[in-house]
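Chemist:
There are 2 protein chains.
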Amino acid sequence: MGVMPVSDLSSAAQDYLKLIWSATEWSPAPITVSVMAERLGVRPSTVSDGIKRLAGQGLVTHAPYGSIELTDAGRAHAVAMVRRHRLLETFLVDVLGYSWDEVHDEAEVLEHAVSDTLIERMDRKLGHPTRDPHGDPIPGADGRPSLPEGTRLTATAAGDTVAITRISDADPQMLRYFTELGLAPDTRLTVREHRPYADVTTVRVHEPERDIDLGASASDAIWVVAV
Amino acid sequence: MGVMPVSDLSSAAQDYLKLIWSATEWSPAPITVSVMAERLGVRPSTVSDGIKRLAGQGLVTHAPYGSIELTDAGRAHAVAMVRRHRLLETFLVDVLGYSWDEVHDEAEVLEHAVSDTLIERMDRKLGHPTRDPHGDPIPGADGRPSLPEGTRLTATAAGDTVAITRISDADPQMLRYFTELGLAPDTRLTVREHRPYADVTTVRVHEPERDIDLGASASDAIWVVAV
DNA sequence: CAAATTTGTTCGGTGAGCCTAACAATCGGC
DNA sequence: GCCGATTGTTAGGCTCACCGAACAAATTTG
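Written out as structure tokens, the structure is:
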């Protein structure tokens, strides 16, 4: 009935909340049941179920066939999970020598197991970092939402000179590809052209100076900010 | 039906196996259902249930009302969990500045979440340690059982000079008490006397030279080896 | 705007892991 | 060696998280 204390939420519930929150971090459209099911690797009926449970716990609001929205309590939880995830990724890379394409899955599991104490000790050891290895902002311990900035590379104009703000950590294989190309957060580049029907964006990178062609999925994974 | 692959055992199953194994590490008597229930904080019926499931998976042998024994597969799992637990404790102390009384509970949860890769990276970073912060031996990656040595402090004779091999990590409060007293793995001491009906053992420790009285629970938690 | 398709929900079922209560087997004391 | 206490097991229930199948709502399309 009442609102549950923060600590004991099931692993699945935490995943649901984080996913709902993440969906709205970089684009405003609310998430749907089928998209959630696909991302979580479960059936829509399972998600529908789960959403109902979360609504019962006061973590989301949802009328049947209506949109899914986090309550303040739900959002607080979600942001805490994102903080955990991103601090873990940073820790694995900085302290244990993981490469940035390896950390996502490991953090996905660990984020449900680490205590608040451990998170804060990692944070201190890392010197309170503000961005994770993919460039995503790390929310503060106070649960500050940490609004990210940047636009998709696909939304830039030819001739713009920009710096990479973040690269989506969704696909490890793509991250390895970016590593080969020398693309990472903080890399600067100049947009040469968008070829619309080929869905190719050409960018120029320095040191060494070179042109790189990026397909639609690649340039959708890269977020940039003007410099 | 058949023997399950190592990776996907439930958290509860892993706890059961580890506990069965741990019970025989320092004393030969086989563990009972009620002791397991008490240690795991669940009801005996739950354990009875669980044991039946483990038997069905070929991880333990158990006839109703009979003794509980690990199969080779079960033991391999158990030892792997113990390795995880002890490496995690060592990592938390050495890398993240935990004190030895804080690490047990954290490791208890994390051991179910860390990947084999993460364990091996921690092991490498730590320089392949052989004992955890409490003095317990860390099994190798090959699953070598790592037979510990030592006897309970209560089993020594007055006049013996010994070194502490391990201190049971079961009770954090007791560990804090030992820290205050300056007792830790590798501390040397001389047994002064056992006062049988008072259940007190007096030991002499050097630097600073002093006598310490230990009650039954304390001296049962300390394992020593002759020097 | 009605039919067809897509999307979301409900329903019944499964297994793990827990519970309590009732019952069965074993063990210890005399 | 019997009886009572202790210990272990079975039975029946519960929740969570999943599934597939059937159904209902909403959206797209001709």
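From first to last, the protein sequence lines are chains A and B.
Per the working numbering, the first sequence starts with residue 102, numbered consecutively.
Per the working numbering, the second sequence starts with residue 102, numbered consecutively.
We put the beta carbon where it would ideally sit given N, CA and C, even for glycine.
When burial is assigned at 16 or more other CB atoms within 10 Å of the CB, is B:Pro-165 buried or exposed?
Modeler: So B:Pro-165 ends up on the exposed side.
Chemist: Using beta carbons (cut-off 9 Å, strictly below), is A:Asp-116 in contact with chain B?
Modeler: With 9 Å as the cut-off, A:Asp-116 does not count as an interface residue toward chain B.
Chemist: Taking C-beta pairs closer than 8 Å, name the residues in chain B that A:His-229 reaches, listed in chain order.
Modeler: Those within 8 Å of A:His-229 in chain B number zero; the least Cβ separation is about 15 Å.
Chemist: From which residue to which residue does the beta strand (DSSP E) around A:Ile-132 run?
Modeler: Where A:Ile-132 is concerned, there is no enclosing beta strand (DSSP E), given that its DSSP letter is neither H nor E.
Chemist: When the distance is taken between beta carbons, is B:Leu-171 closer than 9 Å to B:Leu-118?
Modeler: Contact flag set, yes.
Chemist: Which residue comes first and which comes last in the alpha helix (DSSP H) that contains A:Leu-284?
Modeler: It is not in any alpha helix (DSSP H) - A:Leu-284 carries neither H nor E in the DSSP assignment.
Chemist: Can you confirm whether A:Ser-111, when its beta carbon is compared against all beta carbons of chain B, has any partner nearer than 9 Å?
Modeler: Not an interface residue.
Chemist: In its own chain, which residues sit with a C-beta less than 6 Å from the C-beta of A:Pro-106, not counting the 5 before and 5 after it?
Modeler: Any answer about A:Pro-106 is weak, because its pLDDT of 45 lies below 50 and its placement is not dependable; what the coordinates show is given next. Nothing listed; no residue qualifies.
Chemist: How is B:Ile-169 classed by DSSP in three states: helix, strand or coil?
Modeler: Three-state DSSP puts B:Ile-169 in coil, outside helix and strand.
Chemist: So, is the C-beta of B:Gly-198 closer than 9 Å to a C-beta in chain A?
Modeler: With 9 Å as the cut-off, B:Gly-198 counts as an interface residue toward chain A.
Chemist: CB B:Arg-289 to CB B:Ile-265, shorter than 9 Å?
Modeler: In this structure, B:Ile-265 lies closer than 9 Å to B:Arg-289 by Cβ.
Chemist: When we look at the beta-carbon of A:Pro-234 and count the other beta-carbons within 10 Å, is it buried (16 or more) or exposed?
Modeler: Counting Cβ neighbours within 10 Å, A:Pro-234 comes out buried, since at least 16 surround it.
Chemist: With which residues is B:Val-304 paired in a DSSP beta bridge?
Modeler: Bridge partners of B:Val-304: B:Val-292 and B:Ile-313.
Chemist: Rounding to the nearest angstrom, what Cα-Cα distance links B:Ala-259 and B:Asp-300 in this structure?
Modeler: Roughly 14 Å separates the two Cα atoms.
Chemist: In or out: A:Arg-222 buried (at least 16 other Cβ within 10 Å) or exposed?
Modeler: When all chains shown are included, A:Arg-222 counts as buried.
Chemist: So what's B:Ile-268 in DSSP terms, helix, strand or just coil?
Modeler: In the structure shown, B:Ile-268 sits in a strand (DSSP, three-state: E or B).
Chemist: Do you know how far the Cα of A:Ser-318 is from the Cα of A:Asp-272?
Modeler: Using only the alpha carbons, I get a separation of about 10 Å.
Chemist: For the beta strand (DSSP E) holding B:Trp-201, just list the boundary residues, first then last.
Modeler: Premise fails: B:Trp-201 is in no beta strand (DSSP E) and is neither H nor E.
Chemist: Below 9 Å between beta carbons: does that hold for A:Gly-167 and A:Ala-114?
Modeler: Going by C-beta atoms, A:Gly-167 is not nearer than 9 Å to A:Ala-114.
Chemist: Enumerate in chain order the residues of its own chain whose CB-to-CB distance from A:Arg-154 is below 8 Å, with the five nearest sequence positions on each side excluded.
Modeler: Excluding sequence neighbours, A:Arg-154 sits near Ala-114.
Chemist: Indicate whether A:Asp-195 and A:Leu-227 have their beta-carbon atoms separated by less than 9 Å.
Modeler: Their beta carbons are under 9 Å apart, which means A:Asp-195 touches A:Leu-227 by this criterion.
Chemist: Alpha carbon to alpha carbon, what distance is there between B:His-186 and B:Asp-243?
Modeler: The straight-line gap from Cα to Cα measures roughly 16 Å.
Chemist: When you check each C-beta in the region 210–242 of chain B against every C-beta of chain A, which residues fall closer than 8 Å?
Modeler: The residues in question are Val-210, Leu-211, His-213, Ala-214, Val-215, Ser-216, Thr-218, Leu-219, Arg-222, Met-223 and Lys-226.
Chemist: Where does A:Val-215 sit, in a helix, a strand or coil, going by DSSP?
Modeler: In this structure, A:Val-215 counts as coil in the three-state DSSP scheme.
Chemist: Can you round the beta-carbon distance between A:Gly-327 and A:Asp-261 to whole angstroms, since I take them to be within the 8 Å contact cut?
Modeler: Position check: residue 327 of chain A holds Ala in this sequence, whereas Gly was assumed. 7 Å between Cβ atoms; contact.
Chemist: Using the Cα positions of B:Ser-111 and B:Leu-120, report the straight-line distance between them to the nearest angstrom.
Modeler: Each residue's Cα considered, the two are about 14 Å apart.
Chemist: Starting from B:Glu-207, find everything on chain A with Cβ-Cβ shorter than 7 Å and list it in chain order.
Modeler: Here the neighbours are Ser-216 and Leu-219.
Chemist: Short of 6 Å in beta carbon distance, which residues of its chain neighbour A:Leu-315, apart from the five on each side in sequence? Order them along the chain.
Modeler: Counting only Cβ-Cβ distances below 6 Å, and skipping sequence neighbours, we find Thr-302.
Chemist: Let's test the definition: count the other Cβ atoms within 10 Å of the Cβ of A:Ser-146 and tell me whether it reaches 16, buried, or not, exposed.
Modeler: It counts as exposed.
Chemist: Using alpha carbons as the reference points, say which of B:Thr-291, B:Leu-197, B:Val-204 and B:Phe-192 lies closest to B:Thr-231.
Modeler: Taking only the C-alpha atoms, the option nearest B:Thr-231 is B:Phe-192.
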